[in-house]
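Beneath this line is the structure, given in structure tokens, with notes to follow.
Protein chains: 2
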Amino acid sequence: MAERLKVSPSTISRALQNHPSIGKKMTQEVHKLAEKLGYYPNSLAANLRRNKTNLIGVIIPRIDRHFQSSAISGIEEVASKAGYYVVIFQSNNSYEREKENARMLMSSQADGVIACLAMETNNYDHLLAFKNNNVPLVFFDRVCYELETHKVVIDDFGAAMKATEHLISIGCKRIAHVAGNQQIAIFRDRLRGYQEALRRNNLAQEDELIYYTEDLSGKEGALAARRFLEMPSRPDGVFCSNDTSAISVIQEVKRTGCKVPDDMAVVGFSNTPVSLIVEPALTTIDDHAFEMGQAAARMVIRQIEQPQEDIASETIIIRNDLVVRESTLKQKLTAD
Amino acid sequence: MAERLKVSPSTISRALQNHPSIGKKMTQEVHKLAEKLGYYPNSLAANLRRNKTNLIGVIIPRIDRHFQSSAISGIEEVASKAGYYVVIFQSNNSYEREKENARMLMSSQADGVIACLAMETNNYDHLLAFKNNNVPLVFFDRVCYELETHKVVIDDFGAAMKATEHLISIGCKRIAHVAGNQQIAIFRDRLRGYQEALRRNNLAQEDELIYYTEDLSGKEGALAARRFLEMPSRPDGVFCSNDTSAISVIQEVKRTGCKVPDDMAVVGFSNTPVSLIVEPALTTIDDHAFEMGQAAARMVIRQIEQPQEDIASETIIIRNDLVVRESTLKQKLTAD
DNA sequence: ACGAACTACGCAAACGTTTGTCTTCCAAAT
DNA sequence: ATTTGGAAGACAAACGTTTGCGTAGTTCGT
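Those protein sequences? They're chains A and B, same order as listed. Residue numbers 1 to 336, in our numbering, belong to the letters of the first sequence in order. Residue numbers 1001 to 1336, in our numbering, belong to the letters of the second sequence in order.
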């Protein structure tokens, strides 16, 4: 270590952080030497001693989903500005991996945790450890209502209602829905929002108009589209719980020679980049993933730095917007 | 700590890792107690003592690019199977951030590092620290030829040649190129591959057929397309150095009423998901990002675990494939 | 019955920092 | 000349593990 080349260990430490009780000359010399020796402080040791790691752990399903990586970008932006590092753990939507990730995070003494739950997860004991050990925990998007924690979400119910009412406003009378896994609150809420919109507008609510999927994959979107197309009285609008399935629906509809939006209008959810590429471009809900990430990061950092706050739980709801594109721009709209 | 509830500190440690020199009964009791107390070993302390973190640091430009996140998925798969954790640092293509990331990685005592260089980077001193301190370093994709390290790449030159020759094979005579930042080796190589294909087939090599971009963004793709379309003798084929710009080219060409591929065939690079969504679907080079990640991870782990190996540098070249889709399926092809 | 060989565990040092307190030295005030 | 005070730095403990070695207690062979 650097100390042996000059003097004592504590002096080095203080010099490196420009502590006032160390002389100017000494301080400068130490910095010089550190430079020359290519010295890197061992943060393991420092963190151990200080009992603070400046680490924010993030547990998410998959990094290669646009929504998730946008949220992470938001988290990172806020965190790094505040002097925190972000370490990412993927659950791959597996409960076991999520549990393992939580264990690792506990072991690595993260100062705070941000999580978006895996599809499979319906037991939350592995996350209790954070609560029990006073490490701040913030959920976003796929949150857990059974646990009393801070959350960042969007109003999925309202957004779904908005999307469905948009379909109604352009004249759709029979509106179908491609629903996500009903274990997950956000997908339940989107289904409910869809139903509520129908109810308020006195439109048909038939069970067969709802296609339940496992994971809203493209394949399932195509299957849903086929089912809808084969129905005797075919729906004229579809609200899908994500963009991937919505795009698949569009493609499948077109494959059969029908027109989007004229024969069937389509609305997605999330405003991923592909929604701009598909033809016709997809009307969708912009869920502001980046902002969700920012809010979650700010929230967790506040908890880290002001632990005395007695807020048991706080929920932030991020704005969402309906982005109208061609997939719901009926040419006959003006004629109506 | 758990020890105070029973006996000595070392016994606990050994019991937790099922060391043979600890009695069955004792071992079981310790595990039980750990369970009950919700005990999480402090890996900071353990790592400090063992001088091994099981951490692999990854420095990449941006997590929300499909190529990068696929590569990370590959890295993670291999790493986690081998008992390593992956911690991700984004450079946002900024040299300063990359330097900072490298410093942090050095401080956190990562066992190995995998890096994909930022656009801005053309000085490599910050990465020398790894070499100097014997922490294995593997580059992938955007590698650095000035440093003697292990690398995982694809044959960008060959792939570009393959792509361009494919355009030639479908009858294109005037082939343009949307080139990436020429500071980066891979984009230089792709340009060279394009040129070589033209040379070998005795086709026109005009400077104005090459459109140089800063970052191959969608916007730049559209600008390139416009330039090409306005040329007196319009190119009938375009090879773009990435998918984003290629898709923009397709959209812009269509916007002006021209047909892809009949008026202008388009080839991209990377086989991102959007290449399947755009119409016509994009012919592109599949660069096997996931496999690159896997290979890089295997490579760095091998170096970590077999430090005696005297291999100064090794380069792995991952297979790449041309994926032919409608953007180069000329209907007149059979007529030719 | 005596020592050898095991078994099962404790002791203590070490990893590289941080930090509260103590010491030393020197200048200024009395 | 003696005290006072402040500046600059040293000492040592502590963070929570791991690990080489030592040492009781037990078992076994003779």
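Glycine included, each C-beta is placed from N, C-alpha and C at the ideal position.
- Between the alpha carbons of D141(A) and D287(A) lies a distance of about 10 Å.
- The continuous stretches of alpha helix (DSSP H) do not include K1151(B), which lies in the beta strand (DSSP E) extending over residues H1150 to I1154.
- Partner residues in the beta bridge of G1237(B), as assigned by DSSP, are I1175(B) and A1265(B).
- Between I1075(B) and V1087(B), the gap from beta carbon to beta carbon reaches 7 Å or more.
- In the three-state DSSP reduction, A1115(B) falls in the strand class (E or B).
- Between the region 1118-1130 of chain B and the region 1079-1099 of chain B, the count of Cβ pairs shorter than 8 Å is three or higher; the stretches touch.
- For the options A1163(B), Y1212(B) and N1181(B), the alpha carbon positioned closest to that of E1196(B) is the one of A1163(B).
- Relative to the Cα of K1330(B), the nearest Cα in the group A1295(B), R1319(B), V1267(B) and I1316(B) belongs to V1267(B).
- Where I1063(B) is concerned, there is no enclosing alpha helix (DSSP H), because DSSP gives it neither an H nor an E.
- Relative to the Cα of Q1109(B), the nearest Cα in the group N92(A), P41(A) and Q90(A) belongs to P41(A).
- Our two residues, A222(A) and C240(A), have alpha carbons roughly 12 Å apart in a direct line.
- For L1055(B), the secondary structure class from DSSP, reduced to helix, strand or coil, is strand.
- One finds nothing in chain B with a Cβ atom closer than 8 Å to the Cβ of L209(A); even the nearest lies about 26 Å away.
- Taking 8 Å as the upper bound on Cβ-Cβ separation, chain A lies near residues P1273, V1274, I1277, V1278 and E1279 of the region 1268-1282 of chain B.
- In the DSSP assignment, Q1090(B) forms a beta bridge with I1060(B).
- For D189(A), the closest alpha carbon among the candidates R302(A), E279(A) and D156(A) is that of D156(A).
- Nearest CB-CB separation between Y124(A) and chain B: not below the 7 Å threshold.
- In the DSSP assignment, T283(A) forms a beta bridge with V267(A).
- According to the DSSP assignment, Y1145(B) belongs to no alpha helix (DSSP H), since it is labelled neither H nor E.
- Of the other Cβ atoms in all chains shown, 16 or more fall within 10 Å of the Cβ of A1295(B); this residue is therefore buried.
- Note that the region 203-219 of chain A does not touch the region 144-158 of chain A; fewer than 3 beta-carbon pairs, one per stretch, sit closer than 8 Å.
- For M1104(B), the C-beta contacts it makes with chain A under 9 Å involve S43 and Y85, in order along the chain.
- Taking 7 Å as the threshold, the shortest C-beta distance from I88(A) to chain B falls below it.
- When C-beta atoms of the region 235-251 of chain A are compared with those of the region 276-287 of chain A, three or more pairs fall below 8 Å, so the two segments count as touching.
- For T1213(B), there is no enclosing beta strand (DSSP E), as DSSP marks it with neither H nor E.
- In terms of Cβ geometry, V1178(B) and A1224(B) form a close pair [threshold 7 Å].
- Proximity of I1250(B) to chain A, defined by a Cβ-Cβ separation below 7 Å, is not satisfied.
- Going by DSSP, V323(A) is part of the beta strand (DSSP E) stretching over D321 to V323.
- Per DSSP, reduced to three states, the secondary structure at I1318(B) is strand.
- Put simply, the CB of Q1294(B) is far from chain A, with every gap to its CB atoms at 7 Å or more.
- When L322(A), E252(A), E279(A) and D236(A) are compared, the shortest CA-CA separation from K1254(B) is found for E279(A).
- A297(A) and V135(A) have their C-alpha atoms some 14 Å from each other.
- The DSSP-derived three-state label of Y1085(B) is strand.
- Residue-level contact check: D262(A) does not touch chain B, since none of the beta carbons of chain B fall below 7 Å from its beta carbon.
- Our two residues, T1011(B) and N1051(B), have alpha carbons roughly 21 Å apart in a direct line.
- In chain order, G38 make up the part of chain A whose C-beta sits under 8 Å from the C-beta of N1132(B).
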